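All the letters of the sequence shown, read from the start, carry residue numbers 1 to 525 under UniProt numbering.
Cβ coordinates follow ideal geometry from the N, Cα and C atoms, glycine included.
It should be emphasised that the depicted structure is a prediction, and the values quoted were computed from it without experimental measurement.
Let me begin by presenting the structure, written as structure tokens, before commenting on it.
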Amino acid sequence: MDEGTELSLTIAQIVQRLKGSHLHSQIERQAKECLHQPEIKLESLKEDVRSFLKTSGWERKLQNAVYRELHVQLPPSHPAAPPEHLKEPLAYMRKAQASWEKRVLKSLNSMSTELGVPLARMRPAAEQKELANKWNEMGTDEPDLTRFRPVYAPKDFLEVLISLRNPNHDSSEDVSAKSHWGLIQVPLNVRDIPQLRQAYSELNLFTGQLGIDDHAHIHPDLFESEYVQIGKKVVVEQDSAAAQQYSRQGCPTGLRADLWALILNSTNQPQDVMHYEQLKAGVIQHELLVDNLIYKDVKLTASNDDYYFVFEDFLYQVLLCFSRDTAVLEHFKYNSANPPKSYIQGKVGDDECAVVYPPNGVIPFHGFSMYVAPLCFLYNEPSKLYSVFREMYIRYFFRLHSISSSHSGIVSLCLQFERLLQTHLPQLFYHLRQIGAQPLRIAFKWMVRAFSGYLSTDQLLLLWDRILGYDSLEIVAVLAAAVFAFRAENLMEVTSLASAEAVLADLSTLKVMPLIQIFLFATAI
């Protein structure tokens with residue numbers, strides 16, 4: 001398609017999506033109401049109404065909504081392309097994803113059968129009342145979880161990624177010593193350091209950065225105070241695009257919550273609060289088998305974390321509501337995955353009786369709650385926390401546990417991590433491979449959680465600033481490679497996987513931005 005057709009198609013799609021939105025009806029109502037104002041003249045009606053919407057802030061709200069749609073909708077493609085090609089263009093990736101989904105769903109169904117626990121049940125009235133009363137202190141009285149186990153852990157998922165092969169690719173075509181060193185053996189285009197320098201130019205050594213310059217021996221007046229003033233202006237202007245650009249150099253602690261919500265266009269309007277309350281009512285009325293998986297995951301991860309254990313109740317609230325939210329199904333239009341389906345009791349195999357399970361289409365795995373935990377530092381209002389997490393998930397986090405060829409997908413991140421190490425630290429890569437300590441086996445758990453639970457919270461939030469600022473998860477792979485580069489000297493002396501893991505066991509003292517900056521801009525090419 002030529003550029004003009006592509007643009008028209010994108011505009012048509014966005015208009016179509018916004019037409020049914022709450023914002024559309026609000027703007028329509030405001031436009032009708034403003035007709036009674038004396039400054040609106042019949043002869044210049046169109047211009048006057050437009051001018052009113054601009055000065056009253058509605059035009060900016062519409063711009064932010066359009067900007068959000070541009071981030072979550074499918075890229076324009078040929079009108080004749082089948083829908084599955086829009087979700088994932090490579091057939092072997094689609095096949096691998098479908099096979100993985102079957103395996104996960106089978107594991108969930110077997111758990112239900114073995115334990116005699118139904119996938120869903122209506123709670124008796126007394127139990128509903130009890131849950132409603134202890135909604136804000138669910139951590140004090142959780143069910144017996146000893147029989148439940150996570151459906152899968154990141155290491156199970158890694159084995160699937162390692163076995164991925166493109167049947168149309170003859171690997172002998174590009175044989176080089178390095179092409180066979182890594183675990184990921186699929187031919188995808190990932191950016192090397194010169195391309196990354198261009199894409200992440202704001203992270204160069206000469207631009208001020210939060211996470212570096214605010215800690216250096218630089219008088220705060222020279223960078224931080226001026227930068228905070230600019231941040232306050234961005235928040236006042238309520239411009240999503242400006243907030244995203246600003247976030248590339250880091251968000252000041254006091255402004256981060258507002259800036260992230262602005263980038264994600266997460267407005268927490270009365271209808272959002274009402275939606276959250278409806279989800280909460282759904283949790284109180286019905287119990288799902290996945291509720292136990294959520295309880296178990298929080299207990300195994302966040303509850304044992306020095307930073308996050310205090311947010312245990314928040315995590316239950318957000319994740320239980322998330323599992324019921326059918327609005328999340330919208331993201332399967334551009335996700336390579338498909339929502340799992342189950343059958344109404346006694347109707348197995350009858351497609352008319354198939355329902356998406358859980359209702360949001362996402363089966364939680366070991367570590368899933370760590371996507372929410374860091375956000376608890378920013379938002380103390382459950383409905384706001386919920387809407388920001390949901391937006392983060394449907395933009396970024398889903399890519400970390402689905403098989404796709406996307407640049408921000410976990411397969412590309414693994415390949416990029418291995419390529420960066422092979423190219424710039426070949427001796428280290430070769431040494432670790434020889435002793436049976438493939439770097440990806442160590443780094444995968446960091447990347448699949450976007451480093452949540454591994455870095456100290458202030459450093460993690462600085463990293464997530466850049467994920468939002470650049471609208472990409474690539475920076476996660478860059479940081480993983482930078483950590484290996486930073487500990488290279490110690491790693492060259494290890495003789496086993498266990499000792500390599502010991503060297504990299506504690507990342508909580510690392511300063512993220514200096515590591516990324518040095519790796520990207522001070523590495524010899």
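The straight-line gap separating the alpha-carbon atoms of Lys32 and Pro270 is approximately 22 angstroms. Of the residues assessed, Gln422 falls on the buried side of the cut-off, its CB having 16 or more other CB atoms within 10 angstroms. With respect to Phe417, Ala485 sits apart: the two C-beta atoms are not nearer than 8 angstroms.
A Cβ-Cβ separation of about 6 angstroms places Leu108 in contact with Val151 under the 8 angstroms criterion. Comparing C-alpha distances from Pro118 to each of Thr146, Leu289, Lys155 shows the shortest one belongs to Leu289. For Arg147, the three-state secondary structure derived from DSSP is coil. In the three-state reduction of the DSSP assignment, Ser201 falls in the helix class, which pools H, G and I.
Inter-residue distance for Lys95 and Ser456 is about 38 angstroms (C-alpha atoms, whole angstroms).
Beta-carbon to beta-carbon, Leu62 and Leu35 are separated by about 19 angstroms, too far to satisfy the 8 angstroms threshold. In this structure, the CA atom of Ala477 is about 27 angstroms from the CA atom of Glu330. Counting along the chain, the unbroken alpha helix (DSSP H) around Met93 starts and ends at 91 to 115. Here the C-alpha atom of Ile394 lies approximately 14 angstroms from the C-alpha atom of Asn338. Here Leu205 is exposed, its C-beta having fewer than 16 other C-beta atoms within 10 Å.
For the pair Phe397 and His85, the Cα-to-Cα distance works out to about 21 angstroms.
Looking from the CA of Leu320, the closest CA among Phe389, Ala354, Val310 belongs to Phe389. In the DSSP assignment, Leu279 falls within the unbroken alpha helix (DSSP H) covering 270 to 285. Around Met392, the same chain offers Leu264, Tyr371, Leu375 as residues with beta carbons nearer than 8 angstroms, after the five sequence neighbours per side are excluded. For the options Thr253, Gln185, Ala502, the alpha carbon positioned closest to that of Leu415 is the one of Gln185.
Following the DSSP letters along the chain, one finds Tyr343 inside the beta strand (DSSP E) bounded by residues 341 to 343.
A straight-line Cα-Cα distance of about 39 angstroms links Tyr379 and Leu183. DSSP places Met122 outside any alpha helix (DSSP H); the residue lies instead in the beta strand (DSSP E), whose first and last residues are 120 to 122. When secondary structure is reduced to three states using DSSP, Ala505 falls in the coil class, being assigned neither helix nor strand. Each of Ala241, Ser405, Pro187, Asn189 was checked against the Cα of Val66, and the nearest Cα belongs to Ala241.
For the pair Ser303 and Ser408, the CB atoms are not nearer than the 8 angstroms cut-off. Val15 and His71 have their C-alpha atoms spaced approximately 15 angstroms apart. Our two residues, Ala482 and Lys445, have alpha carbons roughly 15 angstroms apart in a direct line.
Shown here for Ala153: same chain residues with a beta carbon closer than 6 angstroms to its own, the five before and five after excluded, namely His366 in chain order.
Residue state for Ala354 is assigned as strand, using DSSP reduced to three classes. Counting only the Cα atoms, Ile40 lies some 16 angstroms from Glu28.
The alpha-carbon separation between Gln209 and Ser99 amounts to approximately 43 angstroms. Comparing alpha carbon positions, the residue from Gln245, Lys384, Asn64 closest to Val318 is Lys384. With a cutoff of 8 angstroms on beta-carbon distance, Ile410 and Leu504 are scored as not near each other. Leu288 has Ala120 as its beta-bridge partners, per DSSP.
Your pair Gly139 and Tyr316 checks out as a contact, with CB atoms roughly 7 angstroms apart and the cut at 8 angstroms.
The continuous stretches of alpha helix (DSSP H) do not include His331, and DSSP gives it neither H nor E.
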